[in-house]
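Engineer:
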Amino acid sequence: MYRVSLTDMVYSPVESNAATADIARSAREITEVLQRHVATIGQERYSSVAHHYLCSTMMDSIFSAAAVEASSLLGPEHQVPTSFTHAYECACWGYCLRHHLKNKGGPNSFAISILDVNSMEMTTWKSNPAWGKSGFGITTLFFSLMEDEQSASPVMTGAAAGGNNIIAFASVAKQAARQFQSELLSLPFFPDNMSVPLRRSLKEFSLLGDCHATYGHAFGSDPWIAVLHEHARLTLAGRRVVLGSLALRGYYCFANIHIAPSFNVRHF
Numbered sequence: 001m002y003r004v005s006l007t008d009m010v011y012s013p014v015e016s017n018a019a020t021a022d023i024a025r026s027a028r029e030i031t032e033v034l035q036r037h038v039a040t041i042g043q044e045r046y047s048s049v050a051h052h053y054l055c056s057t058m059m060d061s062i063f064s065a066a067a068v069e070a071s072s073l074l075g076p077e078h079q080v081p082t083s084f085t086h087a088y089e090c091a092c093w094g095y096c097l098r099h100h101l102k103n104k105g106g107p108n109s110f111a112i113s114i115l116d117v118n119s120m121e122m123t124t125w126k127s128n129p130a131w132g133k134s135g136f137g138i139t140t141l142f143f144s145l146m147e148d149e150q151s152a153s154p155v156m157t158g159a160a161a162g163g164n165n166i167i168a169f170a171s172v173a174k175q176a177a178r179q180f181q182s183e184l185l186s187l188p189f190f191p192d193n194m195s196v197p198l199r200r201s202l203k204e205f206s207l208l209g210d211c212h213a214t215y216g217h218a219f220g221s222d223p224w225i226a227v228l229h230e231h232a233r234l235t236l237a238g239r240r241v242v243l244g245s246l247a248l249r250g251y252y253c254f255a256n257i258h259i260a261p262s263f264n265v266r267h268f
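Number 268 marks the last residue of the sequence shown (full-length UniProt numbering); no jumps.
Right, here's the structure in full:
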């Protein structure tokens, strides 16, 4: 199987406070942010990636209506194979990772960008009883993939069973941590009424912080923002972290990620 190392992470918050929707303006902003992320990673390194996966919880209507084209977001000077995925909501990044391991395996590098920008300025996305207040932004992750005969599959995906997704997610989180033999778990950000019981049920593990008060629920970016937020305090470089996301429809993903010793992180 393969060892997945996170070498670079760049995060940019994006405001959602316009009086009316302006999709063209939003598309320009997304393009500018992604280009800034690529510049941070380095054009030469980025140009060598096997694929750039764009995924989102909330931007499916924008992309499916061709108001924003995934293949043209970065311009002709940044051309690499690109695709857009939204079906698995917050867990999309894990399904993109699973797809890459299955179909584009072998030593290579690849990028995943998690785009959750409220281009339509819809109030339902700004706050919701299912997750509290929202946080909008773009996270770009740059990975290297190396063959490792000693490693099992580093990705676990599925759908939470039963009527309570949070409780089911906690149960799967325990399975993932034990299967990957990891000391650290990074989970989604939720308000206290959801976060406290979730984290209490996982007290046998070391958990990265819940930053809901600072970032809101940032959809698929949550567990990655936790790494960004705590990497210096906990000296995460060179360590393994199991990151997990949960979709409103019950889809989940967990990934066993090695944080590269030379981990490069940037918060704009």
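Glycine is no exception: its CB is placed at the ideal position from the N, C-alpha and C atoms.
With a threshold of 7 Å (Cβ to nearest heavy atom), would residue 165 be considered close to the ligand ATP?
Structural biologist: What this structure holds is no ligand at all, so the ligand ATP is not there to describe.
Engineer: Per the DSSP calculation, residue 85 is bridged to which residue(s)?
Structural biologist: Taking the sequence shown and counting its residues from 1, one reaches residue 85 at position 85. In the DSSP assignment, residue 85 forms a beta bridge with 55.
Engineer: For residue 202 and residue 174, I'd like the C-alpha separation in whole angstroms.
Structural biologist: Within the sequence shown, numbered from 1, the residue matching residue 202 stands at position 202. Within the sequence shown, numbered from 1, the residue matching residue 174 stands at position 174. Distance from the CA atom of residue 202 to the CA atom of residue 174, rounded to whole angstroms, is 7 Å.
Engineer: Determine the DSSP secondary structure at residue 68, reduced to helix, strand or coil.
Structural biologist: As a working note, residue 68 is residue 68 in the sequence shown. Coil.
Engineer: Beta-carbon within less than 6 Å of residue 82's beta-carbon, same chain only, minus the 5 sequence neighbours each way: which residues are those?
Structural biologist: Numbered from its first residue, the sequence shown carries residue 82 at position 82. Contacts found: 52, 70, 71.
Engineer: Within 10 Å of its beta-carbon, does residue 196 have 16 or more other beta-carbons around it, so buried, or fewer, so exposed?
Structural biologist: Here residue 196 refers to the residue found at position 196 when the sequence shown is read from its first residue. Exposed, because fewer than 16 other Cβ atoms sit within 10 Å of the Cβ of residue 196.
Engineer: Grab me the residues of residue 120's own chain with a C-beta within less than 8 Å of its C-beta, minus the 5 sequence neighbours each way, in chain order.
Structural biologist: Residue mapping note: residue 120 aligns to position 120 of the sequence shown, counting from 1. Apart from sequence neighbours up to five positions away, the residues of its chain that approach residue 120 with a beta-carbon distance below 8 Å are 21, 23, 61, 62, ordered along the chain.
Engineer: Give every residue of the same chain whose Cβ lies closer than 8 Å to the Cβ of residue 246, excluding the five residues on either side of it in the sequence, and list them in chain order.
Structural biologist: Taking the sequence shown and counting its residues from 1, the one referred to as residue 246 is at position 246. The answer, listed in chain order, is 90, 91, 160, 165, 166, 169, 188, 252.
Engineer: Mind checking which residues open and close the beta strand (DSSP E) that includes residue 146?
Structural biologist: Taking the first residue of the sequence shown as 1, we reach residue 146 at position 146. Start and end: 137-147.
Engineer: Ordered along the chain, which non-local residues of its own chain (more than five positions away) have a Cβ less than 8 Å from that of residue 228?
Structural biologist: For the purposes of this step, residue 228 is taken as residue 228 along the sequence shown, with counting starting at 1. Close CB contacts of residue 228 within its chain, under the 8 Å cut and outside five residues either way in sequence, are with 9, 11, 265, 267 (chain order).
Engineer: Hey, could you find the ends of the beta strand (DSSP E) residue 105 is sitting in?
Structural biologist: By 1-based counting over the sequence shown, the position of residue 105 is 105. No beta strand (DSSP E) holds residue 105; DSSP gives it neither H nor E.
Engineer: Quick check on the DSSP output: the alpha helix (DSSP H) that includes residue 236 runs from which residue to which?
Structural biologist: As a working note, residue 236 is residue 236 in the sequence shown. That residue, residue 236, is in no alpha helix (DSSP H); it is neither H nor E in DSSP.
Engineer: Indicate whether residue 269 and residue 117 have their beta-carbon atoms separated by less than 8 Å.
Structural biologist: Outside the shown range of the chain (1 to 268) lies residue 269, about which nothing can therefore be said.
Engineer: Where do the ends of the alpha helix (DSSP H) carrying residue 34 lie?
Structural biologist: As a working mapping, residue 34 is identified with position 34 in the sequence shown. First-last of the alpha helix (DSSP H) with residue 34: 23-41.
Engineer: Using the three-state DSSP reduction, which class does residue 116 fall into: helix, strand or coil?
Structural biologist: If you number the sequence shown from 1, residue 116 lands on position 116. The answer is strand: DSSP assigns residue 116 an E or B state.
Engineer: Closest to residue 86 by CA distance: which of 186, 185, 112, 54 is it?
Structural biologist: Taking the sequence shown and counting its residues from 1, one reaches residue 86 at position 86. If we check each option's Cα against that of residue 86, 54 comes out closest.
Engineer: Can you tell me which of the three DSSP states residue 253 falls into?
Structural biologist: Walking along the sequence shown from the start, residue 253 turns up at place 253. The answer is strand: DSSP assigns residue 253 an E or B state.
Engineer: According to DSSP, is residue 228 part of a helix, a strand, or is it coil?
Structural biologist: Along the sequence shown, one-based indexing puts residue 228 at 228. Reduced to three states, the DSSP call for residue 228 is helix.
Engineer: Measuring only the C-alpha atoms, how far is residue 216 from residue 134?
Structural biologist: Residue 216 sits at position 216 when you count from the first residue of the sequence shown. Residue 134 sits at position 134 when you count from the first residue of the sequence shown. Rounded to whole angstroms, residue 216 to residue 134 spans 5 Å at the Cα level.
Engineer: Using the Cα positions of residue 149 and residue 126, report the straight-line distance between them to the nearest angstrom.
Structural biologist: Here residue 149 corresponds to residue number 149 of the sequence shown, with the count starting at 1. Here residue 126 corresponds to residue number 126 of the sequence shown, with the count starting at 1. Whole-angstrom Cα-Cα distance: 45 Å.
Engineer: Rank 7, 17, 200, 260 by C-alpha distance to the C-alpha of residue 238 and give the top, closest one.
Structural biologist: Start at 1 with the first residue of the sequence shown, and residue 238 comes out as number 238. Closest option to residue 238, Cα to Cα, is 260.
Engineer: How is residue 218 classed by DSSP in three states: helix, strand or coil?
Structural biologist: Counting from 1 along the sequence shown, the entry for residue 218 is found at position 218. Looking at residue 218 - three-state DSSP - the assignment turns out to be coil, as it is neither helix nor strand.
Engineer: Residue 210 and residue 200: beta carbons closer than 8 Å?
Structural biologist: Indexing the sequence shown from 1 puts residue 210 at position 210. Indexing the sequence shown from 1 puts residue 200 at position 200. No. Outside cutoff.
Engineer: Do you know how far the Cα of residue 109 is from the Cα of residue 262?
Structural biologist: Translated into positions along the sequence shown, residue 262 becomes position 262. Translated into positions along the sequence shown, residue 109 becomes position 109. Answer to the nearest angstrom: the Cα atoms are 15 Å apart.
Engineer: List the DSSP bridge partners of residue 111.
Structural biologist: Taking the first residue of the sequence shown as position 1, residue 111 is located at position 111. DSSP lists 52, 142 as partners of residue 111.
Engineer: Could you name the residues that DSSP lists as bridge partners for residue 11?
Structural biologist: To locate residue 11, count along the sequence shown from 1; it is residue 11. According to the DSSP secondary-structure assignment, residue 11 is paired through a beta bridge with 139, 267.
Engineer: Relative to the C-alpha of residue 79, which residue among 132, 96, 50, 97 is closest?
Structural biologist: Here the question's residue 79 lines up with position 79 in the sequence shown. Comparing Cα positions, the closest option is 50.
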